[in-house]
Amino acid sequence: MALQSLFNYSTVKYMVAKNRKIGVLYRIFQLTVIGYLIGWVFVIKKGYQAIDETVDSSVVTKVKGVALTNTTGTGVHLWGPEDYVIPQQGERVLFITTNFIETPNQKLGTCSESSKVLDAICTKNEDCTQGEAFQIGNGIQTGVCLKNSRNPTGTCEIYGWCPIENSQRPEVPLLTKAENFTLYIKNFIRFSKFNFSKSNVLETHNETYLKTCLYDKIHHPYCPIFRLGDVVHKAGHNFQDMAVLGGSIGILIEWRCDLDKGYSKCHPQYSFTSMETGTTTSSVAAGYNFRYARYFKNADGEVHRTLYKVYGIHIDIIVYGTAGMFNIIPTVINIGSGLALMGAGMTICDILLLYLMKESTLYREKKFETVSRKDIRSEKQKQEKPSQQDMLMSPITTD
Amino acid sequence: MALQSLFNYSTVKYMVAKNRKIGVLYRIFQLTVIGYLIGWVFVIKKGYQAIDETVDSSVVTKVKGVALTNTTGTGVHLWGPEDYVIPQQGERVLFITTNFIETPNQKLGTCSESSKVLDAICTKNEDCTQGEAFQIGNGIQTGVCLKNSRNPTGTCEIYGWCPIENSQRPEVPLLTKAENFTLYIKNFIRFSKFNFSKSNVLETHNETYLKTCLYDKIHHPYCPIFRLGDVVHKAGHNFQDMAVLGGSIGILIEWRCDLDKGYSKCHPQYSFTSMETGTTTSSVAAGYNFRYARYFKNADGEVHRTLYKVYGIHIDIIVYGTAGMFNIIPTVINIGSGLALMGAGMTICDILLLYLMKESTLYREKKFETVSRKDIRSEKQKQEKPSQQDMLMSPITTD
Amino acid sequence: MALQSLFNYSTVKYMVAKNRKIGVLYRIFQLTVIGYLIGWVFVIKKGYQAIDETVDSSVVTKVKGVALTNTTGTGVHLWGPEDYVIPQQGERVLFITTNFIETPNQKLGTCSESSKVLDAICTKNEDCTQGEAFQIGNGIQTGVCLKNSRNPTGTCEIYGWCPIENSQRPEVPLLTKAENFTLYIKNFIRFSKFNFSKSNVLETHNETYLKTCLYDKIHHPYCPIFRLGDVVHKAGHNFQDMAVLGGSIGILIEWRCDLDKGYSKCHPQYSFTSMETGTTTSSVAAGYNFRYARYFKNADGEVHRTLYKVYGIHIDIIVYGTAGMFNIIPTVINIGSGLALMGAGMTICDILLLYLMKESTLYREKKFETVSRKDIRSEKQKQEKPSQQDMLMSPITTD
Numbered sequence: 111m112a113l114q115s116l117f118n119y120s121t122v123k124y125m126v127a128k129n130r131k132i133g134v135l136y137r138i139f140q141l142t143v144i145g146y147l148i149g150w151v152f153v154i155k156k157g158y159q160a161i162d163e164t165v166d167s168s169v170v171t172k173v174k175g176v177a178l179t180n181t182t183g184t185g186v187h188l189w190g191p192e193d194y195v196i197p198q199q200g201e202r203v204l205f206i207t208t209n210f211i212e213t214p215n216q217k218l219g220t221c222s223e224s225s226k227v228l229d230a231i232c233t234k235n236e237d238c239t240q241g242e243a244f245q246i247g248n249g250i251q252t253g254v255c256l257k258n259s260r261n262p263t264g265t266c267e268i269y270g271w272c273p274i275e276n277s278q279r280p281e282v283p284l285l286t287k288a289e290n291f292t293l294y295i296k297n298f299i300r301f302s303k304f305n306f307s308k309s310n311v312l313e314t315h316n317e318t319y320l321k322t323c324l325y326d327k328i329h330h331p332y333c334p335i336f337r338l339g340d341v342v343h344k345a346g347h348n349f350q351d352m353a354v355l356g357g358s359i360g361i362l363i364e365w366r367c368d369l370d371k372g373y374s375k376c377h378p379q380y381s382f383t384s385m386e387t388g389t390t391t392s393s394v395a396a397g398y399n400f401r402y403a404r405y406f407k408n409a410d411g412e413v414h415r416t417l418y419k420v421y422g423i424h425i426d427i428i429v430y431g432t433a434g435m436f437n438i439i440p441t442v443i444n445i446g447s448g449l450a451l452m453g454a455g456m457t458i459c460d461i462l463l464l465y466l467m468k469e470s471t472l473y474r475e476k477k478f479e480t481v482s483r484k485d486i487r488s489e490k491q492k493q494e495k496p497s498q499q500d501m502l503m504s505p506i507t508t509d
Numbered sequence: 111m112a113l114q115s116l117f118n119y120s121t122v123k124y125m126v127a128k129n130r131k132i133g134v135l136y137r138i139f140q141l142t143v144i145g146y147l148i149g150w151v152f153v154i155k156k157g158y159q160a161i162d163e164t165v166d167s168s169v170v171t172k173v174k175g176v177a178l179t180n181t182t183g184t185g186v187h188l189w190g191p192e193d194y195v196i197p198q199q200g201e202r203v204l205f206i207t208t209n210f211i212e213t214p215n216q217k218l219g220t221c222s223e224s225s226k227v228l229d230a231i232c233t234k235n236e237d238c239t240q241g242e243a244f245q246i247g248n249g250i251q252t253g254v255c256l257k258n259s260r261n262p263t264g265t266c267e268i269y270g271w272c273p274i275e276n277s278q279r280p281e282v283p284l285l286t287k288a289e290n291f292t293l294y295i296k297n298f299i300r301f302s303k304f305n306f307s308k309s310n311v312l313e314t315h316n317e318t319y320l321k322t323c324l325y326d327k328i329h330h331p332y333c334p335i336f337r338l339g340d341v342v343h344k345a346g347h348n349f350q351d352m353a354v355l356g357g358s359i360g361i362l363i364e365w366r367c368d369l370d371k372g373y374s375k376c377h378p379q380y381s382f383t384s385m386e387t388g389t390t391t392s393s394v395a396a397g398y399n400f401r402y403a404r405y406f407k408n409a410d411g412e413v414h415r416t417l418y419k420v421y422g423i424h425i426d427i428i429v430y431g432t433a434g435m436f437n438i439i440p441t442v443i444n445i446g447s448g449l450a451l452m453g454a455g456m457t458i459c460d461i462l463l464l465y466l467m468k469e470s471t472l473y474r475e476k477k478f479e480t481v482s483r484k485d486i487r488s489e490k491q492k493q494e495k496p497s498q499q500d501m502l503m504s505p506i507t508t509d
Numbered sequence: 111m112a113l114q115s116l117f118n119y120s121t122v123k124y125m126v127a128k129n130r131k132i133g134v135l136y137r138i139f140q141l142t143v144i145g146y147l148i149g150w151v152f153v154i155k156k157g158y159q160a161i162d163e164t165v166d167s168s169v170v171t172k173v174k175g176v177a178l179t180n181t182t183g184t185g186v187h188l189w190g191p192e193d194y195v196i197p198q199q200g201e202r203v204l205f206i207t208t209n210f211i212e213t214p215n216q217k218l219g220t221c222s223e224s225s226k227v228l229d230a231i232c233t234k235n236e237d238c239t240q241g242e243a244f245q246i247g248n249g250i251q252t253g254v255c256l257k258n259s260r261n262p263t264g265t266c267e268i269y270g271w272c273p274i275e276n277s278q279r280p281e282v283p284l285l286t287k288a289e290n291f292t293l294y295i296k297n298f299i300r301f302s303k304f305n306f307s308k309s310n311v312l313e314t315h316n317e318t319y320l321k322t323c324l325y326d327k328i329h330h331p332y333c334p335i336f337r338l339g340d341v342v343h344k345a346g347h348n349f350q351d352m353a354v355l356g357g358s359i360g361i362l363i364e365w366r367c368d369l370d371k372g373y374s375k376c377h378p379q380y381s382f383t384s385m386e387t388g389t390t391t392s393s394v395a396a397g398y399n400f401r402y403a404r405y406f407k408n409a410d411g412e413v414h415r416t417l418y419k420v421y422g423i424h425i426d427i428i429v430y431g432t433a434g435m436f437n438i439i440p441t442v443i444n445i446g447s448g449l450a451l452m453g454a455g456m457t458i459c460d461i462l463l464l465y466l467m468k469e470s471t472l473y474r475e476k477k478f479e480t481v482s483r484k485d486i487r488s489e490k491q492k493q494e495k496p497s498q499q500d501m502l503m504s505p506i507t508t509d
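Protein chains in written order, with the working numbering: chain A, 111 to 509; chain B, 111 to 509; chain C, 111 to 509.
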């Protein structure tokens, strides 16, 4: 008997109100929910897909091009990638020298601190504290104040690499030809959730194309070779301006892959952004520079060095993206919550029907069938003799 | 009165159809949804957990081993990690030299461009444009075409580092012993959503084990020391083949942590992948090489340099993973949407019951209780005198 | 007719049980669900927002400060950032030298292996295998066992850079002043899902502030300049202790942005963590060191080098965070699943009401209105002549 009733089908009873206003309102609401669910959630937002938002990425870069500089210190000098790209091994983050200050033949010894280090300006030896370093200075103070014809301002003497760094930065970038350098980017990505991997160097292209092409948003959107001047320009800067003080540029590679559409439809998209904040040319926030030194020994074994302060384009290749693939769980969640929302719409329509219509009292009575004390009393009587009303209203017991 | 009715319990009325077909169908659907929810969503996919898909990671590496090379140029040379690992400081991305072309004693001056630079081949001076650089050349053209016994092809003269780079790459890797180098990986991870951090260097192992072990998938799955040859082999390449031209290898460290199970159950898993695309050995897409130079000054202070073009294994250690921990929100979302889906199943069964069964008309009548115009009319009469029918049907007003 | 019934409004019929216990229970459950949904999901967890958990980030660093060292080998030496920061170009991961072992004037040749390489200890030539390298040794064995007054232990002779590295590490860090070095961090972030980018160098601050400020959790929480000693201290270490052997420190930058509140409310938060595992000082797991060499040529063109084994603070700047912005899909999912859960509560209350109450039988009869065989029989009769009961119960057909 219990087993038999297990296979009965129980379905919710409805009260049908012939009320056009509420009827139309509810149909509109239903259509809105269905439209939202199908149109927005499923078609536009692909809510039937599981999403991998974390792209694992490996980037290899290679810069090509040479440039000639002619400075008073060292004369004509040829710069190849082994010199102007730092680090040379072709990483995701790279720096391309566009301007520099060279200070050759520095030796350890004593000399006067730069007058640009404001704390170092002195008039007498007591202004200089032996053994202390200036925060942004070039060495350790000896405690002597140097003031002579070659140093009329008067600055503290320091022990350090002397002579101190030249402070005159060329106003025109020394490697102006850097604008024509090309940057080759090889990007290997992986969506670990779907075990999917791909490279931006498309396999369909032939070798010659990859050696000679140049990225162009419209004509060569998948060519992985970029002209440096174009990159800076697309990021909203003038190359020759930025080359003086240096700057930070982001090359963004976006992978937005619908894996339901297959391997070949998953392409990278390149965009370029400036990573400079604000427009000021303050020495701390703007530009990009750092120092490195090359060490030499002379015939006597004494060490001297050439110090380079280099300015240039700092390129950070940022790979991001998402991959989506059909998955039952987000599909069920989106359908389920949409359906539940439809139930919520019924609650609102009910409030209108049951409390704001002329016939509200009737509808309330019909919708809510109260089991009253009278029913309970008659129930107790029924246990003595089944009444005629019971025969009519409660078919379970009679069947 | 209103307060009292607030504590009445309203429950949905059901119509029970003694229809076995639909009953069984609906039970099957219910079991499917419950099975999906418990089996797939909760047990297999752990739908009760909040997931952190972003693992913050810090990687430190250290390579050990020495190799001897014997070249005609410089004779016998010992390579230690300070030479063959670039960069030396032990980063996440590292390069291990396996082959190289050394060009010693380059000085700035003029010489003929390589005949491998096709654009540089010339027959007369007019073929060479003074001041221009070839895109993949070694210097700036002087405008002279050099053609003599030592340069029978005839190429433009350039200003640059002369002599130009040797173009003969050794066909056998010079550092064949690199196969036995060991790579130690220290990986510190953090799941910021759960404030959980761990290292791949397991604390349970003793110091001697960590000094002497070697990673093996089966016997030493948590040993953080890898033999370079094994890594390349597991990525699907032959070490000695790859060592000639170089190549890119990814070491993937996966952290799949169920934080409900506790700290000690969270282990790294290593896998190895090739990051080469395709199988061609085209110079642009395959292999891995770059150049660096060491600068020297001779007794007269003149600068000369030794140029190295190095080929090798580029290793990118990619850390990924997810951590999950019980959270009420995804639990509710999964249960809720599963239940809502059960309601959707009822709609389908209803359609079958109400339109495709022999007794459909009756079922429709029973399920949908229409409030008709007659009801509304009798409602109006009722406001004059309560009818007997009303006593029976609308207990709310009488109670 | 069908069109007309399309605009009828069907609403679920309820049975109202005047049962206080179940009524109160269900109200409590409803309030719990509503409280959870509004309080926890929406107010605290901001469940109405779409979340971007992947922050794309670019980090640039700059270290300032100088330090003097005085070693017996090379005498007084001034260290600037170009020497002690590796790599010099200001990357996200950087190393600051705090201690070092210098081995000057190494030349390629033969000498005895260090007695610290246990495998190298020998008593006769047969103990040494020609052409083999010790795993952690300094060169290739020549097959000779050297045992003399200068090498009383007796170790194998090797071919390599001789003399071999000094093995005495200074017990006090040579660059003790490194504690006062300052680290400037420029962090540019991007939430690609919302196309939102920002820098940690706040635009509201003036230039002088950015040049002179020093990070302090309470007084200067947005100053991007950090004192190295403070960083190590906040990560739970003593600077002078860590400076001896080196160590790994993580600087965590957290961006937790509510984009509904606007651009200016999105601030970075800094924290500091040690990335050392365990407390042992084992050579393999603790500390941070690596080697690099500077190459020189003497007047005869012979190469010699100075080898540095450097110990120091390895800093990894880890940027993480989430951004949230109002989105309809998660809002609907959370509301929908909350509502569906309310339905689940009704099921539990129903079980109590229908099976555990005194009046359960009555409630069951009222809730489940069975369509019995009698109804089906009368339905068949109705097709002959409509009965009076039918007029009352099934208004759809009569209307």
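Cβ atoms here follow ideal geometry from the backbone N, Cα and C, with glycine treated the same way.
With fewer than 16 other Cβ atoms inside 10 Å of its own Cβ, E281 of chain C counts as exposed. Between G446 of chain B and A454 of chain A, the CB-CB gap reaches or exceeds 8 Å. Relative to the Cα of K296 of chain A, the nearest Cα in the group B:T263, B:H424, B:C238 and B:D410 belongs to B:H424. Listed along chain A are M125, V126, A127, K128, E469, L472, Y473 and K476, each with a C-beta nearer than 8 Å to that of V481 of chain B. Of A:K419, A:N261 and A:K375, the smallest CA-CA separation from E275 of chain A is found for A:K419. The alpha-carbon of G448 of chain C is positioned some 7 Å away from that of V442 of chain B. Y136 of chain C is classed as buried because its beta carbon has at least 16 other beta carbons within 10 Å across all chains shown. The three-state reading of DSSP puts G247 of chain B in coil, since its state is none of H, G, I, E or B. Among the CB atoms of chain A, one or more fall inside 8 Å of the CB of P197 of chain B. If you draw a straight line from the Cα of A433 of chain B to the Cα of L293 of chain C, it comes to about 32 Å. Annotated three-state conformation of G422 of chain C is strand, per DSSP.
Beta-bridge pairing by DSSP links A403 of chain B to B:L417. Here the alpha carbon of I328 of chain C sits roughly 18 Å from the alpha carbon of T383 of chain C. At the C-beta level, I299 of chain A and D166 of chain A come within 8 Å of one another. If you look at D340 of chain B, you'll find it in the alpha helix (DSSP H) that goes L338 to K344. When CB distances to chain C are screened at a threshold of 9 Å, the residues of the segment 150-163 of chain A falling below it are W150, V151, K155, G157 and E163, in chain order. Per DSSP, the continuous alpha helix (DSSP H) segment holding G453 of chain C begins and ends at I438 to Y465. Counting only residues of its own chain and dropping the five nearest sequence neighbours on each side, G133 of chain C has a CB closer than 8 Å to the CB of A127. For P191 of chain C, the enclosing alpha helix (DSSP H) stretches over residues P191 to Y194. Annotation: the continuous alpha helix (DSSP H) that includes I138 of chain B extends over R130 to G145. A contact between stretches requires three or more CB pairs, one per stretch, nearer than 8 Å, and the segment 183-203 of chain A fails this requirement with the segment 471-478 of chain A. Taking a Cβ-Cβ cut-off of 8 Å, C367 of chain A has no neighbours in chain C, whose nearest Cβ is about 14 Å from it.
Secondary structure of V170 of chain B (DSSP, three-state): strand.
Residue-level contact by beta carbon fails for G434 of chain C and chain B, as no gap is shorter than 8 Å.
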